[in-house]
Amino acid sequence: MRIGVLALQGGFIEHQKILESLKVNVQQVRLPSDLVGLQGLIIPGGESTTIGKLVKDFDLLDPLKEFSLEHAIWGTCAGSILLSHEVSRKQPLLDLMNIKIERNAFGRQVDSFEIDLNIPCLNRISKDTSAFHAIFIRAPLIKSVGEDVEILAKLPDGCIVAAQQTHWLATSFHPELTNDDRFHRYFLELIK
Ligand code: GLN
Numbered sequence: 002m003r004i005g006v007l008a009l010q011g012g013f014i015e016h017q018k019i020l021e022s023l024k025v026n027v028q029q030v031r032l033p034s035d036l037v038g039l040q041g042l043i044i045p046g047g048e049s050t051t052i053g054k055l056v057k058d059f060d061l062l063d064p065l066k067e068f069s070l071e072h073a074i075w076g077t078c079a080g081s082i083l084l085s086h087e088v089s090r091k092q093p094l095l096d097l098m099n100i101k102i103e104r105n106a107f108g109r110q111v112d113s114f115e116i117d118l119n120i121p122c123l124n125r126i127s128k129d130t131s132a133f134h135a136i137f138i139r140a141p142l143i144k145s146v147g148e149d150v151e152i153l154a155k156l157p158d159g160c161i162v163a164a165q166q167t168h169w170l171a172t173s174f175h176p177e178l179t180n181d182d183r184f185h186r187y188f189l190e191l192i193k
């Protein structure tokens, strides 16, 4: 299996390391031609305005949209913002998933937090039913989802922090910053 990690800005190396530990070949994607032969793509966390600007500057917007029609894409944190249909302010988006996002919904960098979440969908790929340690860094939240979107995880107060629409996946938190590879395995299952 060969998976791409959008490598314009942000935490792409951490995703690469987990994928490689799962024996997946990883391609760092910076140019449209890097998408050739890939079975899926991860858009990492970072700064969504910067990633969006670079996506435009590198002429990746249309190639990524075209790629998304046939291939699974997973956005973590800033990546989930790029997948969304609507954000509180105007910025380049891939506009794939029927979700509305509120950026920096939990406050500033110092308000970042970690919490154990129960994420039932992970039981589809793992017998491990323990909570998933979710790391939120100046994270967005998913304000609302369309009827075609499955909610995968919520905070105790009901805020949506992970969602799936067919072969597209969005998480507000950072599974790549833990040693728990269940979310990455869940994504690989989606691809298969
Ligand atoms: N605050 C960033 C944004 O709005 C996302 C932060 C992250 O990816 N950890 O783009």
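The numbering of the sequence shown is the numbering used here, which starts it at 2 and goes up by one.
Don't be surprised by glycine CBs; every beta carbon is placed ideally from N, CA and C.
In this structure, Leu142 sits away from Ile120, with a CB-CB distance that is not shorter than 8 Å. Between the beta-carbon of Ala135 and that of Glu115 there is about 7 Å, and that keeps the pair under the 8 Å contact cut. Shown here, Asp60 sits in coil according to DSSP, grouped into three states, outside any helix or strand. Taking 8 Å as the cut-off, the beta carbon of Leu170 is found no closer than this to the beta carbon of Leu189. Short of 6 Å from the beta carbon of Met2, and not among the five residues preceding or following it, lie these beta carbons of its own chain, in chain order: Val25, Gln40.
Between Ile138 and His175, the CB-CB gap stays under 8 Å.
For Ala79, the enclosing alpha helix (DSSP H) begins and ends at 79 to 84. At least one heavy atom of the ligand GLN lies less than 7 Å from the C-beta of Pro141. In this model, Gln28 and Leu97 are separated by some 22 Å (Cα to Cα). Boundaries of the alpha helix (DSSP H) harbouring Gln17: 13 to 22, taken from the DSSP string.
Fewer than three Cβ pairs drawn from the segment 103 to 118 and the segment 54 to 61 lie within less than 8 Å of each other, which leaves the two stretches out of contact. Non-local C-beta neighbours of Glu177 in its own chain, meaning closer than 6 Å and more than five positions away in sequence, comprise Glu15, His16, Ile19, ordered along the chain.
Nearest to Leu65 by alpha-carbon distance, out of Gln92, Ile44, Cys78, is Ile44.
By the C-beta density criterion, Asp129 is exposed, having fewer than 16 other C-beta atoms within 10 angstroms. In this structure, Thr172 is the residue among Asn124, Thr172, Leu36, Ile126 with its C-alpha nearest to the C-alpha of Val146. Counting only the Cα atoms, Ser113 lies some 33 Å from Leu70.
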